[in-house]
Structure formats: structure tokens, C-alpha cells
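Report on one structure; see the data block that follows.
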Amino acid sequence: MRRLLFALFGICLFVGSANAVTKHKKIEKTFKAGENLKIESKYSKIQIKHWDNPEIKFEVLISVEGSDDEKTKRMTDDINIDFTEGEAQLSAETVFGDFFTLKKLTNSLFNKGEIKISYTVQLPSNVKLEIIQKDGDVFMDSHDGNLILDLTNGNFTAESLYGENSFTITGCTFKVEQLSDSKLNVANSKVNIENAGKLTGESRDSEFTIGVADNISMTSARDKFDIKELEYLYGSSNFSKIEISQLGGEVDYDQKFGHINIFNINNMFSFIKIDSKYGDVGLSFMEGAQIDYEINHKSVKFDNSKDFILANKETADKKTFVAKGRVGDKKAFSKLNIRANNCKIRLQ
């Protein structure tokens, strides 16, 4: 009986496979390279490659798998690319016909892999790019031109991006080896950047792993930052966790809840100014630092080395205290100013 069941099951699988129908469509277009290129798509993979030709070449492969020949053909015919060529900008948009008006059905078809759309775009590296992608991936080589990316529920991978960049990413994995000055708007994403210039913008509910950065100026909520080397930090956060392994220059930062820990602070740093409410602060300075410090604190628990002698003075409200002093025996080069309320402070 068991053998009979297995045999019947195998026949069903064979029949199911035999009835599967696959349709393919290939779209190829070549245009003279203009100043700007805009690509808008969903449920697709976009690969950006570079060449020396003064042209932009599109190769789009569409693959549809179904159980019915007529239905599969209709789905294939209902996926097209709309190209619009202007004087300064070329636009390409993935267009879905009437078959895909039901969103739930459309999501199911793409999530199961029954429909695949793959863009391969070759262009000069100085073209200014704008890519809007939903529920899909974007892959790039190094790029010299400016880049605007709006990506939702996908993956982005690039080598070196040398232009001015603007990224809006939601629910994504983002990996870049080298990044010049960039604006970020990040939500529910994982960001990995090996080397960056200046990063500005806002983020929430995301994880950042950054190797080396010159300047980070962000408004953050419920994020986690792990930064190896940083020169300048500015901004504010709520419920975020900031870890910096090495700092060179300046900090001007406000935080509520969460924590900020900075290790190996260069003994020639300029200033550190932190305003913290209910968020712990940890600072570790390299040997030889010459620091003038002022700490205004209320309901704070300290863990400080003997270099920081906290001679506290009451203020008018008798709940807030001020501690002033100097680390080192020479004229101070660096300034430390902390305003803290209901938190822990570690100074070493």
C-alpha cells in the first residue's frame, strides 16, 4: 500500500511539472547617453554596469511560469517597459497591464518566483541616476555621477559611489564599499558602509555598521550604530545605541534614553558636547589628553578614573550639580561639556 501511495505521489509531481508553461520576453533598447537616467520599477532586479560608449543600453529579460498557456502568455504580454526620451533625461518604467490590478495576486506571483524581471543597464559612469525600486534589488559597479535611490523591501549593493548621493531606503539591506557625501533617510534596514565621507539625514529602527567615516550628522530613533573610526559626530537620538571605537575631532550630540560609548578618543580632539537625558554616556580618552571639562548633572551615577576629580557645586535648585576641572598639567587643548539627567556616566 505504501509503495502504491509513493507511486501515485510521484505521478502527481510529474504531471504538475509537465503542465508547467514558461514564457520569455526580451526587450533591448539603446539610446544616446544624456545627462540623466531615471528607472522606476517593482518586483525586479536591476544591474547597473559601465562602459566607455556614449550610449545607454537596456536589456530586460521577463520570465513567466504558469500552468496554463493562455494565462501565462497574457501575463507575459501585460509586462512592458515604457521608455521616454527627452533632451536631458531618459526614463524607463516597468508597466503592468490589467492582469496585475489585484495587488494580492501580483505579490503572490512574484514572491513565489513565478514571474522574474531582470534589468541589465550599460551606461557611462558619469550619468546622473535616479532609481525607484519596490520589492526588488539593485546592484551597481563604482559610479561617478550623482545617485538618487528610493528603495523599498530590497537589497542594494555597490562598490564606490563618488557623486552626491541621496538614499531613501525602507526594509532593505544596504552595502557600499566607498561612499562620498550622502543624504540618508533610513527605516527598518541594515546598512553596511566600509568608508564614507559626510553622512547626513535621519534614521529609525535600523542597524548601521560603518568602518571609517569623516562626518556623521543624523537624527536617530531606536537605531544601533557600530562605528570603527569617526572624525566628527553631530545630531540627536531617541532610544538609540551608539558605539564608536575611535574618535578624532568633535562631538555635539543630544540623546534621550539609549546610550553612547566612545573609545580611544584622540588626545588632540577639539571638543565634546553631550546633552543626555536618561541615556548613559561612556567616554575613554587616549593617554596625554589635556582637557578642560564642565559637567552639569542631576541624578547621575559616575564611574570615573582618578584623572577626573569631580568637585561638585550645587546650583540654585539644589538638585543639579556642576563639576569643573582639568585633565593634564598643561594648558588644555580640548573641551568637554556634558549636561546629564538620570543616567550613568563613565569617564576614563
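Add 63 to the 1-based position in the sequence shown for this note's numbering, that's all there is to it. Backbone N, C-alpha and C define an ideal beta-carbon position, used for all residues, glycine too.
Tell me whether residue i sits in a helix, a strand or coil according to DSSP, three-state version.
i      : result
Arg402 : strand
Gln241 : strand
Phe77  : Because the pLDDT at Phe77 is just 42, under 50, the model does not fix this residue reliably, and the value given afterwards should be weighed accordingly. Reduced to three states, the DSSP call for Phe77 is helix.
Glu265 : strand
Asp289 : strand
Phe94  : strand
Tyr295 : strand
Gln110 : strand
Glu270 : strand
Asn251 : coil
Ala83  : coil
Ala70  : Here Ala70 scores only 47 on pLDDT, less than 50, and its place in the model is too uncertain to base an answer on.
Glu103 : strand
Arg65  : With a pLDDT of 49 at Arg65, under the threshold of 50, the modelled position of that residue is not reliable, and the figure given next carries that caveat. Looking at Arg65 - three-state DSSP - the assignment turns out to be helix.
Ala395 : coil
Asn59  : With the chain covering only 64 through 411, there is no way to say anything about residue 59.
Phe371 : coil
Asn209 : coil
Gln411 : coil
Asn116 : coil
Glu227 : coil
Gly260 : strand
Asp380 : coil
Gly312 : strand
Residue i and residue j: beta carbons closer than 8 Å?
i      : j      : result
Asn278 : Ser308 : no
Phe219 : Ile211 : no
Lys238 : Asn99  : no
Gly234 : Asn255 : no
Lys340 : Asp366 : no
Gln152 : Gly97  : yes
Ser181 : Val249 : no
Asp244 : Glu227 : yes
Gly312 : Lys291 : no
Arg402 : Asn359 : yes
Ser154 : Lys101 : yes
Gly217 : Asp200 : yes
Ile125 : Lys88  : yes
Val314 : Lys336 : yes
Got a sec, what are the start and stop residues for the beta strand (DSSP E) residue i sits in?
i      : result
Arg389 : 384-390
Ser303 : Premise fails: Ser303 is in no beta strand (DSSP E) and is neither H nor E.
For residue i, tell me which candidate among the options has the shortest Cα-Cα distance.
i      : options                        : result
Ser333 : Val249, Asp355, Gly97, Gly217  : Asp355
Glu306 : Ser130, Asn228, Phe159, Asp286 : Asp286
Asp343 : Asn330, Lys89, Gly311, Ile325  : Ile325
Lys95  : Met331, Asp141, Lys120         : Lys120
Ser188 : Phe320, Lys112, Thr383         : Lys112
Trp114 : Leu310, His206, Ser300, Asp370 : His206
Gly298 : Leu262, Leu214, Asn143, Lys253 : Leu262
For the region 126-203, which segments carrying the beta strand (DSSP E) assignment without a break, of at least 3 residues, lie completely within its bounds, in sequence order? Complete beta strand (DSSP E) runs here, min 3: 142-148, 152-159, 178-186, 191-197, 200-203.
Considering only residues of the region 314-363, which uninterrupted beta strand (DSSP E) runs meet the minimum length of 3 residues and lie entirely inside it, listed in chain order? Fully enclosed beta strand (DSSP E) runs of 3 or longer: 322-328, 334-340, 343-348.
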